[in-house]
Each structure stands twice: as structure tokens, then as C-alpha cells.
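**Q** As numbered in the numbering used here, the sequence shown has no gaps in its residue numbers, which increase by one up to the final residue, 442. C-beta: ideal position from N, C-alpha, C; glycine also.
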Amino acid sequence: MLLSEQAYKKIDRELTKYPDDQKQSAIMAALAIAQDEQGWVSPEVIEDVAQYLGQAPILVQEIATFYNMFDTKPIGRFKITVCTNLPCALRDGEKTMDYLKQKLGIGIGQTSSDGQFTLVEGECMGACGDSPVLLVNNKHMCVRMSAQKIDEMLADLSSVKEA
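(1) Do you know whose CA, among D430, Q395, S425, lies nearest V439's CA?
(2) Please classify S392 as buried or exposed, where buried requires at least 16 other C-beta atoms within 10 Å of its C-beta.
(3) Output the distance between the C-alpha atoms of Q314 and F349, rounded to the nearest integer angstrom.
(4) By alpha-carbon positions, which one of M424, E316, M307 ends up nearest to L379?
(5) Our contact map puts T351 next to V399 with C-beta atoms below 8 Å; I'd like the distance itself, whole angstroms only.
(6) To the nearest angstrom, how far is the alpha carbon of Q340 from that of Q301?
(7) Could you tell me which uninterrupted beta strand (DSSP E) segments, each at least 3 residues in length, are contained entirely in the stretch 290–368, listed from first to last along the chain?
(8) By the DSSP assignment, the beta strand (DSSP E) with T397 in it spans what residues?
(9) Under 8 Å: do the stretch 404–417 and the stretch 355–364 share three or more Cβ pairs, one atom per stretch?
(10) Do the stretch 319–334 and the stretch 287–305 meet, that is, are 3 or more Cβ pairs less than 8 Å apart?
Shown next as C-alpha cells:
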């Protein structure tokens, strides 16, 4: 078993939401729990989640690779997802992405040399009217991101100590 006892207990809580013969319904939640703990979903984690849920590993892998909130390769401490869908692109989403690439010195899908930041493109986040929109670590949405707000966000994230 790759995950902590606490992670498996969280997965068990998710399983209670579904009938016993529908354990596959908890795959997304289990992957999110595993990723929160491990930082990404490695092939070993995918295999472990599949085994724990009694599912075929390919089914878990298909889900892990289909949804962009799951990272199937190591990423930086902070994943910054920029919405570049058309409405956001028209409202400075592309400029925001360019600014972050220049500021961090990395391209889309890359991680900064200090291992702190990974930059990725995202699909619609449902906040077109507040664009440009960023999502940090799949959990914290940042809206109306000007260059100044981006600089402040990066400084705040850089000052966060390891847990």
C-alpha cells in the first residue's frame, strides 16, 4: 500500500457514498486524495488505487489521464493553471499566460528550475466574466489577474514554507 492510513480512510468515506457494486464511482475522489498526498498520480499510485477499489488499472488510468486536474508526472509545488479557452483568451487569458511564462522562465507544461511552479493551460473554469482566471493546485481560483496581482500571488506562494 502506497498511501497513508489516513488517505485510505478518506477513500473509505468516499466509498460509503455509493452502492457496494459501484466502487468505480469513487475513482475520481480516490485519485484526488492520492494526488493531494503524493503530489501526483504515478503509475504505482494508479495501480494501488485500482487494487484498493477492486477495479481494472486501465480504468483508473483512463480517468487519471482524461481529466486535467490529475497530474501523471511530477509537478512543481504549485501548479498554476491558466484558462485560455476562447472567452478568457479574449479577455487577456493569453496575455496572462505569456506574462507567467516570462515571469517564471518556463513554457506551458514545464516546471521552474527551483521546483516551485508548474504552468499549465486549463479549460473553462466557469468564471469567464472574471477573467483572466488562474487556478492554483486545482483548489484556489484567482480572478481578474493583473500583472500586479500575479506578482503578489507568486511572492505569497514563494514565501509558503513546506508543510
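**A** Taking the structure as given:
(1) Measuring from the Cα of V439, the nearest candidate turns out to be Q395.
(2) Exposed, because fewer than 16 other Cβ atoms sit within 10 Å of the Cβ of S392.
(3) In a straight line, the C-alpha of Q314 is about 7 Å away from that of F349.
(4) For L379, the closest C-alpha among the options M424, E316, M307 is that of M424.
(5) Not a contact, Cβ separation roughly 12 Å.
(6) For Q340 and Q301, the gap between their C-alpha atoms comes out near 17 Å.
(7) Runs of beta strand (DSSP E) with 3 or more residues, each lying fully within the stretch 290–368, are found at 357–362, listed in chain order.
(8) Counting along the chain, the beta strand (DSSP E) containing T397 begins and ends at 396–401.
(9) Judged by Cβ distances under 8 Å, the stretch 404–417 makes contact with the stretch 355–364, as three or more pairs qualify.
(10) Yes, the stretch 319–334 is in contact with the stretch 287–305.
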